[in-house]
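Asker: The following block contains the structure, expressed as structure tokens.
Chains as they are written, first to last, in this note's numbering: chain A, 101 to 197; chain B, 913 to 1425; chain C, 138 to 432.
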């Protein structure tokens, strides 16, 4: 089980929310983010920055993140990423047992 | 380059368009000279106007490369006629056509293939959705000229927009070219937007799926303007033509904005006998009408007229005698269509009657209150309804700048944020309607009054309404969202926003990939 | 400090970003950001983090910010309190509160957190939600279990289910229970807030129920939709005559104070403490409704 990807998901596709899927897998090198957002031109780089910062704060160095944004504010993005990571880590614990 | 009265750089001349007059102020242009005079023609006794096919009509009126043709959008998203005409032109090998629609809808996206093949090479008129997008990508050599409903009527009457052939989708036409929009399987109600085209185009072709004996009644566009009548199978899809009855929004945020807008109206002192009122059909606008109706009933106020695009809600207010008259330039739903037939106080009006600033008086001049939306509004109260926050041209002007200029009180209603995008900004990307014609902005997080309206501010200060500076609203929005990045543009101008008086208020540039 | 008005306490689902963002704009006196019933078991973790961030970043201005955590007896309650209290909400609403121990447990946890984040002890208030037979039985002790308790909330739905009563719109089955909660609150010198009115389309019913609980003496009501704010506030808005009389009462008190006179009279009637406090309450409601600017 140890070498399989651990996946966590959080958020919704409702307005002002963001659906975040985090995949922690051994073969992922660094952080890769796939972002879909209606405010990509105005806030795309800010959203990516928030996602990366949140991962960094949680000590995640290698992850694939798929984020489907529906106009979420930074506080929501941060919350959804954190929840997704924590869920992925829990997934991992279960896997290890 | 010249800097116009709202601080935008306007080139002196554009190839394919000619000299540009920069915007000087909402009421600065004084027109001179004569109106455009269309051809004199004759119809001999015994000659028939009814032709067997669209192809025959196109040949008879002599559509050639480089001509300008026009359409109306009263069939909205159900329209088949624009596609039908362009397909036929394409089959006949005709190229380099300028189209001058009163508006376009997503249903018109088949135009794109005719743009790519060179049948259509320019647009004068509102564009939206997918066509706006490709215009923003720079597909045209000549910029799109965007006009308001009133501005378009003015441009046709003044000769700024000469139309070679008007192709008029006619829900009902008789064999001698009399047209109405209220009957037939594709009934759409008012035909107000296409009246100027009928009167001033060189040639006029009516396209109908309901050809009737002479004479039809009622008559919206009379035989004296119509050259030919073509019978086709279907001019549109009724499902896309009129909408069902629009529901008032249930979103508490929008309801709050509407309630506040109604309180602003009540405090303005304008809500009294003889009151005139216009709103759009959007969620907040309709909810404002709901409150206004309640207040009018409560205080037994009888208004003079409701105007613009007419909805079932306004029909109800007419029938409850809350308004004496409805002035209908466009009928939004089936109730409005039915009312236009049966109620003598529900009047059809042309775009020129509605909003043309250069005739002997248009309806918006008599309007007390207009409720409008905005894609963006800046701290000078300039409003953008054309381009999205990413800079892409996605919407037409409608009657925005016309009603704002005419009404005694112009209220913009909008949530402070749309998703994460702030609506109140430092500088709008595109100025559609100048701030000097906007009086109040109502949002869920406060009401900002244009500082030029000291009288109104005094009145509102006596209420408990949450008054704020527009700068503070901008700051509050950015506090929540962060500062949005400004979209990048190429040098190429892809659109001109013409103010209703014919001057240029802003230009729209190609978006950078 | 002026006493807080708690005419309306608007429940906001704790996992809904739109509603959390906009919770403060509708004019409710308090908002209750809800981690309990409004959040499914699978989303407890997500909502807790979302609310934590919201409390950090969203400015609710003068609105009282309350968070309803999950009961401390569930696996989520402790974590909720630990995470949320650090963000300094005005108060915590304690659901399924049944005993003094329930309040004291929360009190102790809050004291520890306040110490950790260098917040003055007792800053974060508690609002026990009484919604079971046992809770009603112990309500007098609960109301006085901690200095933090500033209001009692009544949860009629859960209570009727627990007791086996039939829930009716007129609420006869709840009369003595409401009276008991109110009495407990008054003995403790705190607010009593009534249960929600569940049918958002029945404005008439809401108005009737609110009139009734105001008559009983409740300070306000929990509500579930912004459209319920205006009707409830209107009922808590005093009439012109009431305001005028209250203003005269206060003026008479001021006058007597200035004259250093012991006995205060108005229109030949003595003004005693209850009359004065009633007048102050009326003026506070009048001010909240914007009918007067100063008390």
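All C-beta atoms, glycine included, are put in the ideal place defined by N, C-alpha and C.
The structure displayed is predicted, hence computed values, not measured ones.
Show which residues of chain B have a CB atom less than 8 Å away from the CB atom of residue 170 (chain A).
Answerer: Listed by position along chain B, the residues whose Cβ is nearer than 8 Å to that of residue 170 (chain A) are 1331.
Asker: State yes or no: is the beta carbon of residue 1163 (chain B) nearer than 8 Å to at least one beta carbon in chain A?
Answerer: no
Asker: Compare the Cα-Cα distances from residue 388 (chain C) to each of C:198, C:207, C:173, C:431 and report the closest residue.
Answerer: C:431
Asker: Under 8 Å Cβ to Cβ from residue 366 (chain C), same chain only, skipping five residues before and after it: list those, please.
Answerer: Answer for residue 366 (chain C): 145, 147, 163, 164, 165, 360, listed in chain order.
Asker: For residue 875 (chain B), which of B:1228, B:1308, B:1386, B:1221 has the nearest alpha-carbon?
Answerer: Chain B is shown only over 913 to 1425; residue 875 (chain B) falls outside these bounds and no answer can be derived.
Asker: Report the three-state DSSP secondary structure of residue 1258 (chain B) (helix, strand or coil).
Answerer: strand
Asker: Comparing alpha-carbon positions, which option in B:1271, B:1270, B:1040, B:1191 lies nearest residue 1239 (chain B)?
Answerer: B:1191
Asker: Using Cβ-Cβ distances below 8 Å, what residues of the region 1036-1047 of chain B are close to chain A?
Answerer: none
Asker: I'd like to know whether the C-beta of residue 1376 (chain B) is nearer than 8 Å to at least one C-beta of chain C.
Answerer: yes
Asker: Flag residue 958 (chain B) as yes when its Cβ comes closer than 7 Å to any non-hydrogen atom of the ligand ADP, and as no otherwise.
Answerer: Within the structure as shown, the ligand ADP is missing, as the structure has no ligands at all.
Asker: Under 8 Å, Cβ to Cβ, is there at least one residue of chain B near residue 363 (chain C)?
Answerer: yes
Asker: Starting from the N-terminal side, write out each stretch of the beta strand (DSSP E) that is 3 residues or longer and does not extend beyond the region 266-312 of chain C.
Answerer: 288-291
Asker: Under 8 Å between C-beta atoms, does residue 1168 (chain B) make it to chain C?
Answerer: Yes, its Cβ sits closer than 8 Å to a Cβ of chain C.
Asker: Below 7 Å between beta carbons is the criterion; list the residues of the region 145-176 of chain C that meet it against any residue of chain A, in chain order.
Answerer: Of all residues in the region 145-176 of chain C, the ones placed with a Cβ closer than 7 Å to any Cβ belonging to chain A are 154, 155, 158, in chain order.
Asker: Determine the extent of the alpha helix (DSSP H) in which residue 1043 (chain B) is found, giving its start and end residues.
Answerer: 1041-1048
Asker: Using 8 Å as the threshold, is the C-beta distance between residue 1112 (chain B) and residue 1069 (chain B) below it?
Answerer: yes
Asker: The beta strand (DSSP E) spanning residue 422 (chain C) covers which residue range?
Answerer: Looking at the DSSP string, residue 422 (chain C) is not in any beta strand (DSSP E); the run it does join, the alpha helix (DSSP H), is 410-425.
Asker: When Cβ atoms are compared, which residues of the region 175-189 of chain A fall closer than 8 Å to chain C?
Answerer: 175, 176, 178, 179, 180, 182, 183, 186, 187
Asker: Quick one: which chain C residues come within Cβ less than 8 Å of residue 1357 (chain B)?
Answerer: 162
Asker: Taking only beta-carbon atoms, is residue 173 (chain A) less than 8 Å away from chain B?
Answerer: yes
Asker: Counting along the chain, where does the alpha helix (DSSP H) carrying residue 1176 (chain B) start and finish?
Answerer: 1164-1180
Asker: Report the start-end ranges of each beta strand (DSSP E) in the region 1218-1278 of chain B that is 3 residues or longer and not cut off at the edges.
Answerer: 1235-1243, 1258-1260
Asker: Distance check for residue 342 (chain C) and residue 306 (chain C), CA to CA, integer angstroms please.
Answerer: 7 Å
Asker: When DSSP labels each residue in this structure, what does residue 1010 (chain B) get in the three-state scheme?
Answerer: Reduced to three states, the DSSP call for residue 1010 (chain B) is strand.
Asker: Of all Cβ atoms in chain B, is any one closer than 8 Å to the Cβ of residue 116 (chain A)?
Answerer: yes
Asker: Check distances from the C-beta atoms of the region 150-170 of chain A to those of chain B and list, in chain order, the residues that come in under 7 Å.
Answerer: 170
Asker: Quick one: what's got a C-beta closer than 7 Å to residue 348 (chain C)'s C-beta in the same chain, skipping five residues either side?
Answerer: 372
Asker: Could you please give me the residues that DSSP links to residue 148 (chain C) through a beta bridge?
Answerer: The partner list for residue 148 (chain C) (beta bridge, DSSP) reads C:169.
Asker: Short of 9 Å Cβ to Cβ, which residues in the region 931-961 of chain B face chain A?
Answerer: none
Asker: Does the structure place the region 1377-1394 of chain B close enough to the region 1407-1419 of chain B that three or more beta carbon pairs sit under 8 Å?
Answerer: no
Asker: Do you know offhand how far residue 967 (chain B)'s Cα is from residue 1288 (chain B)'s?
Answerer: The alpha-carbon of residue 967 (chain B) is positioned some 44 Å away from that of residue 1288 (chain B).
Asker: So, do the region 997-1004 of chain B and the region 969-987 of chain B have three or more beta carbon pairs nearer to each other than 8 Å?
Answerer: Put simply, the region 997-1004 of chain B touches the region 969-987 of chain B. At least three CB pairs are less than 8 Å apart.
Asker: Chain A beta carbons: is any one of them nearer than 8 Å to that of residue 1215 (chain B)?
Answerer: Proximity of residue 1215 (chain B) to chain A, defined by a Cβ-Cβ separation below 8 Å, is not satisfied.
Asker: Using the Cα positions of residue 233 (chain C) and residue 379 (chain C), report the straight-line distance between them to the nearest angstrom.
Answerer: 38 Å
Asker: Short of 8 Å in beta carbon distance, which residues of its chain neighbour residue 257 (chain C), apart from the five on each side in sequence? Order them along the chain.
Answerer: 251
Asker: Going along chain B, which residues have a C-beta under 9 Å from residue 143 (chain A)?
Answerer: 1332, 1333, 1393, 1394, 1396, 1397
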